[in-house]
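Structure first, then comments.
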Amino acid sequence: MFTCKEYRKVKTLEEAWELNQKRSNQLIGGMLWVKMGQRSVQTVIDLSDLGLDQIEETEEEFSIGCMATLRQLELHEGLNVYTQGAVRESVRHIVGVQFRNLATVGGSIFGRFGFSDVLTMFLAMDTYVELYKGGVVPLARFVEMKRDRDILVRVIVKKGNGRFAYQSMRNTKTDFPVLAVAVSAAGDRLRISVGARPARAMLLTVSSEKICDAAAEVCRAAGQILSGEGTEDDAVLIGAYVSQSVPTGSNLRGSAQYRSHLVQVLVKRACLETGGKAAEQR
């Protein structure tokens, strides 16, 4: 059971940061995962008065406040038009509407949970996080950083001419994913994020030119996907390459061998959705 002695709704980020430096204090966000822990906290810190619950869109980017909810992601028209519905797909299986009305983007990203659909989706995009003291950091670098006492203020998604897809496998509809995959096709490279490995999401980039570790035939297949002319054989090649490159593990939801097989299947499907001839039938 989670217990606390004091509740503070802060008025500034500086106040929140100062309080959060004490290990006995806790930022609560939507509080959905926090309350499931066995912990006694001195002070819980609430950011809900700081106006960080909005999703703002400009010509260059989306700025998503840390207190924006997963339901806001699911319903945001601009974000879902830009990603061809991939963001909506990445959150719509998370428990239920009541849960998504409370769970926050900041909590999902800062926690860097292995099972996070949200982290998997945003990692495949050109995404940055703004930390109160740490400044703006690429999400791919943030994922590898050790957790500290900084505060995630907002998530920034840079716009580009990309195509996106999200695929996941679940044992039951609202359960954590056994495996999750997000793919973005933009410019001369595919960004492929694999989550629920069951470790935290991992990003792999496959270029259409021989500037990465992939074999020449994989680069050629990536070029076909990026051009929108990819075949199933091209998608299978990329899926096999990602499956061999991304380590997986076992837990109660599935074995490492099963997950590696799922990587190949879900990457293939996502590649066809973003740049295969099958995309014309959507």
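Going by my numbering, 99 is the number at position 36 of the sequence shown; the sequence numbering is gapless.
Think of the CB as a built atom: it goes at the ideal place given N, C-alpha and C, for glycine as much as any other residue.
Within the same chain, Cβ atoms closer than 7 Å to the Cβ of proline 201 are found at Tyr191, the five residues on either side in sequence being excluded. The beta carbon of glycine 177 lies closer than 8 Å to those of Gly258, Ala259, Arg260, Pro261, Ala262, Arg263, Ala264 in the same chain, with the five residues before and after it left out. In the DSSP assignment, no residue is bridged to valine 160. Relative to the Cα of valine 160, the nearest Cα in the group Thr146, Gly141, Tyr145, Leu136 belongs to Leu136.
Judged by DSSP in its simplified three-state form, threonine 75 adopts coil rather than helix or strand. Each of Ala228, Ile108, Gly317 was checked against the Cα of glycine 339, and the nearest Cα belongs to Ala228. Per DSSP, the continuous beta strand (DSSP E) segment holding glycine 128 begins and ends at 124–128. Taking every protein chain shown into account, the CB of threonine 337 has 16 or more other CB atoms within 10 angstroms, so this residue is buried. In this structure the stretch 71–86 does not touch the stretch 120–135; the number of beta carbon pairs closer than 8 Å is below three.
One alpha carbon belongs to asparagine 164, the other to alanine 278, and they sit about 44 Å apart.
With a cutoff of 8 Å on beta-carbon distance, serine 306 and serine 318 are scored as not near each other. Under the criterion of beta carbons closer than 8 Å, valine 150 and asparagine 143 qualify as touching, at roughly 6 Å. The stretch 130–197 is shown to contain whole alpha helix (DSSP H) runs of 4 or more residues at 133–138, 140–145, 149–154, 160–163, 168–174, 180–186, in chain order. Classified as exposed, valine 199 has fewer than 16 neighbouring CB atoms from the shown chains inside 10 Å of its CB. Valine 104 and leucine 194 have their C-alpha atoms spaced approximately 23 Å apart. Apart from the 5 residues on each side of it in sequence, glutamate 123 sits with its Cβ closer than 8 Å to the Cβ of Lys221, Lys222 in its chain, given in chain order. Sequence-distant Cβ neighbours of valine 299 in its own chain, meaning closer than 8 Å and more than five residues away, are Gln327, Lys331. Assignment of alanine 262 by DSSP, reduced to helix, strand and coil, places it in the coil class.
Beta-bridge partners assigned by DSSP to aspartate 109: Lys72. When the alpha-carbon of alanine 203 is set against those of Arg212, Gly197, Ser111, Met188, the nearest one is in Met188. Rounded to the nearest angstrom, the Cβ distance from threonine 66 to histidine 156 is 31 Å, too far for a contact under 8 Å.
A distance below 8 Å separates the beta carbons of leucine 329 and leucine 242.
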